[in-house]
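Participant:
2 protein chains.
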Amino acid sequence: MALDAESSIPLHIQLSELLKGEILQGTIKEKIPPERVLMELYSVSRSTVRRAIAALISEGILESRRGSGTYIYNRPLEEWLGNLVTYNKTIDDLGMKPGAKLLSQGVVASTQELKDITQMDELYLINRLRLADNIPIAIETQYYPVNIGKQLSKFNLDEIVLYEVLESSLGIKLWEADQVISSTMPTKEEAQLLDILECESVLVIERSTCDYDGNLVEYLRGIFRSDMYAFRIKLGRNKL
Amino acid sequence: MALDAESSIPLHIQLSELLKGEILQGTIKEKIPPERVLMELYSVSRSTVRRAIAALISEGILESRRGSGTYIYNRPLEEWLGNLVTYNKTIDDLGMKPGAKLLSQGVVASTQELKDITQMDELYLINRLRLADNIPIAIETQYYPVNIGKQLSKFNLDEIVLYEVLESSLGIKLWEADQVISSTMPTKEEAQLLDILECESVLVIERSTCDYDGNLVEYLRGIFRSDMYAFRIKLGRNKL
DNA sequence: AAGTGGTCTAGACCACTCT
DNA sequence: GAGTGGTCTAGACCACTTG
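If you read the protein sequences in the order shown, they are chains A and B. Taking this note's numbering, I'd label the letters of the first sequence as residues 292 to 531. Taking this note's numbering, I'd label the letters of the second sequence as residues 292 to 531.
(1) If we ignore side chains and look at the alpha-carbon of each, how far apart do lysine 525(B) and lysine 525(A) end up?
(2) Is there contact here, the segment 466-479 of chain B with the segment 497-504 of chain B, by at least three beta-carbon pairs under 8 Å?
(3) Report the residue ranges of all beta strand (DSSP E) runs contained in full by the segment 396-428 of chain B; include only those spanning at least 3 residues, in chain order.
(4) Is the CB-CB distance between leucine 511(A) and glutamine 410(A) below 9 Å?
(5) Determine the chain A residues that contact serine 446(B) at a beta-carbon separation under 7 Å, and present them in chain order.
(6) Look up glutamine 433(A) in the DSSP assignment and give the residues it is bridged to.
(7) Output needed in chain order: residues of the segment 450-475 of chain A with a Cβ under 9 Å from some Cβ in chain B.
(8) Per DSSP, which residues does arginine 523(A) bridge with? Please list them.
(9) Quick one: is alanine 521(A) buried, meaning 16 or more other Cβ sit within 10 Å of its Cβ, or exposed?
(10) Would you call the CB atoms of arginine 342(A) and serine 299(A) closer than 9 Å?
(11) How would you list, in chain order, the residues of chain A whose beta-carbon sits under 9 Å from the beta-carbon of arginine 523(B)?
(12) At the 9 Å Cβ level, is arginine 517(A) part of the contact set with chain B, yes or no?
(13) Would you say valine 493(A) faces chain B, with C-beta separation under 9 Å as the test?
(14) Among the candidates Glu489(B), Tyr364(B) and Thr475(B), whose CA atom is the shortest distance from the CA of glycine 513(B)?
(15) Which residues mark the beginning and the end of the alpha helix (DSSP H) in which leucine 485(B) is found?
(16) Distance, Cα to Cα, valine 335(A) vs leucine 329(A)?
(17) Which residues does DSSP list as the beta-bridge partners of proline 389(A)?
(18) From the DSSP output, which residues share a beta bridge with leucine 353(A)?
(19) Identify, in the order they occur along the chain, each residue of the same chain with its Cβ nearer than 8 Å to the Cβ of leucine 294(A), setting aside the five sequence neighbours on each side.
(20) Report yes if the CB atom of isoleucine 352(B) is closer than 9 Å to the CB atom of lysine 392(B), and no otherwise.
(21) Can you give me the Cβ contacts of leucine 531(A) inside the same chain, cut-off strictly under 6 Å, excluding the 5 residues immediately before and after it?
(22) When you compare each of Leu485(B), Tyr454(B) and Ser444(B) to serine 395(B) by their alpha carbons, which one comes out closest?
(23) I'd like the list of long-range same chain contacts for aspartate 486(A), defined as Cβ closer than 7 Å, with 5 residues on each side in sequence excluded.
(24) Quick check on the DSSP output: the beta strand (DSSP E) that includes serine 499(A) runs from which residue to which?
(25) DSSP state of serine 338(B), grouped into three classes?
(26) For the alpha helix (DSSP H) that methionine 476(A) lies in, which residues bound it at each end?
(27) Are any of the Cβ atoms in chain A nearer than 9 Å to that of serine 349(B)?
(28) For glutamate 431(A), which residues of its own chain have a beta-carbon under 6 Å away from its beta-carbon, when the five flanking residues on both sides are left out?
(29) Go ahead and pull the three-state DSSP assignment for lysine 441(B).
(30) Applying the criterion that 16 or more other CB atoms from any shown protein chain within 10 Å of the CB defines a buried residue, is glutamate 404(B) buried or exposed?
(31) Between which two residues does the alpha helix (DSSP H) containing serine 307(B) stretch?
(32) When you compare only the Cα positions, how much space is there between aspartate 449(B) and glutamate 455(B)?
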């Protein structure tokens with residue numbers, strides 16, 4: 292529990308990693324001890340404590356409230372998933388209501404392609420049609436590790452937002468995502484489900500999402516009607 | 292030139308903004324003064340100087356080298372444009388060579404759509420076909436403010452990378468970009484140029500890029516063959 | 001050897017929140 | 001009023017780069 296002053300690793304880094312570990316393991320729950328307590332606890336100066344905390348704040352793990360304390364930050368998912376999931380070009384503008392229809396679910400054996408991506412032999416599949424005012428928008432196929440999928444299946448899959456369930460009920464924190472956007476022609480079945488012609492193009496998004504430890508939590512493949520959806524990305528020079 | 296100790300704005304913020312201004316205006320060139328000099332210059336402690344500098348480092352404006360000094364950071368464009376421009380799914384793998392063919396260029400009057408996006412009545416258009424080993428990959432239509440476009444036109448437009456010219460020769464630093472990816476069917480002309488069938492879908496990317504002051508530098512519209520290109524985005528929770 | 005950034009301490013005052 | 005985070009100072013030692 293103590294820091295090593297002889298180590299070549301700076302004290303503020305050691306403390307920062309130590310705190311991060313306790314937060315991610317759940318040893319520290321809602322609020323971290325006050326700076327002056329941490330100072331005595333680990334026998335370092337307040338500047339060093341503050342530097343360790345500052346690092347975790349910029350990592351999005353902590354949030355400090357002046358006069359009150361420093362809290363574990365549960366950033367609303369939308370703040371980053373909003374960038375990541377999908378930008379809905381028209382639905383918001385038109386004030387349409389989102390919905391979903393479950394097509395199929397259950398444990399499936401991995402195809403070779405799925406095995407390459409997920410490194411798992413079995414996956415839990417959830418296949419849904421996403422709607423806006425009952426107009427089909429996208430076909431979303433999600434694959435989860437079997438144990439996670441079975442827990443998810445107990446919830447109402449006609450709701451769209453599985454991410455809230457993952458986080459609040461199952462305690463799984465999504466952390467990083469890698470997504471690829473491409474375009475293709477729909478199959479006959481896909482065209483039928485989306486209520487479009489086979490000659491109309493669709494957008495394809497493939498996304499792998501991991502938790503903090505790098506474990507794959509979800510692999511998603513979505514087929515989007517190109518007349519209803521576009522993806523938007525904002526980037527700045529300072530963001531890596 | 293002095294900081295206001297009575298201000299409600301923290302000293303490290305004041306100093307940080309002051310330095311940023313001098314860097315972006317070019318008053319400070321390659322290297323900023325040592326911390327101990329800034330300390331005396333603005334009558335603040337070294338911690339305050341370091342905090343101001345730290346902020347600029349995390350903004351990607353400065354870079355410090357131990358034992359040597361703190362330098363203005365010219366991050367290689369690819370480090371962030373790589374995320375932003377396009378991810379080439381197959382070309383790298385196949386070891387193909389990129390090229391470009393100029394289709395047309397010159398000053399054009401804005402259509403209503405262009406006027407909405409750029410707020411300009413006239414634009415300089417550069418229209419090019421992008422190739423990989425002489426296979427057509429994409430049609431890229433770029434619009435620049437007329438004065439910038441005329442300068443760009445003096446360079447060899449069969450080269451692909453205009454961004455390096457913008458930065459090193461014209462001194463324009465790209466800073467932020469907003470891009471939208473969608474999908475559609477090509478027109479007859481587009482299909483012909485790309486050497487695909489009219490019934491094959493294409494990816495459409497529309498991107499506005501601004502400089503540090505928020506002035507639009509480029510508006511780009513690209514039509515990509517969907518069998519040759521996909522866009523890749525990596526996102527993490529900590530990045531805004 | 002001199003100069004630079006990197007780390008760390010001890011102590012101070014302020015503005016804010018909570019009760 | 002007690003406790004919290006936010007700001008700032010003055011001074012120290014270290015590791016590294018450069019002439």
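The beta carbon of each residue, even a glycine, is placed where N, CA and C say it ideally should be.
Facilitator: Looking at the coordinates:
(1) 12 Å
(2) yes
(3) 413-423
(4) no
(5) Per the sequence presented here, residue 446(B) reads as phenylalanine, with serine not at that position. By Cβ distance, chain A contributes nothing, its closest Cβ being about 23 Å from phenylalanine 446(B), past 7 Å.
(6) Ile417(A) and Leu511(A)
(7) Lys464, Leu465, Trp466, Glu467, Ala468, Asp469, Gln470, Val471, Ile472, Ser473, Ser474 and Thr475
(8) Val471(B)
(9) buried
(10) no
(11) Asp469, Gln470, Val471 and Ile472
(12) One detail in the question is off: residue 517(A) reads as serine in this sequence, not arginine. Yes - at least one Cβ of chain B is within 9 Å of the one on serine 517(A).
(13) yes
(14) Thr475(B)
(15) 479-485
(16) 8 Å
(17) Ala423(A)
(18) Ile363(A)
(19) Leu302, Gln305, Leu306, Leu309, Tyr333, Ser334 and Val335
(20) no
(21) Bear in mind that a pLDDT of 42 at leucine 531(A), under 50, signals an unreliable position, so the number given afterwards is only what the model happens to contain. None.
(22) Ser444(B)
(23) Pro427
(24) 493-502
(25) helix
(26) Careful: methionine 476(A) lies outside any alpha helix (DSSP H) and carries neither H nor E.
(27) yes
(28) Arg419, Arg421 and Gly513
(29) helix
(30) exposed
(31) 302-316
(32) 14 Å
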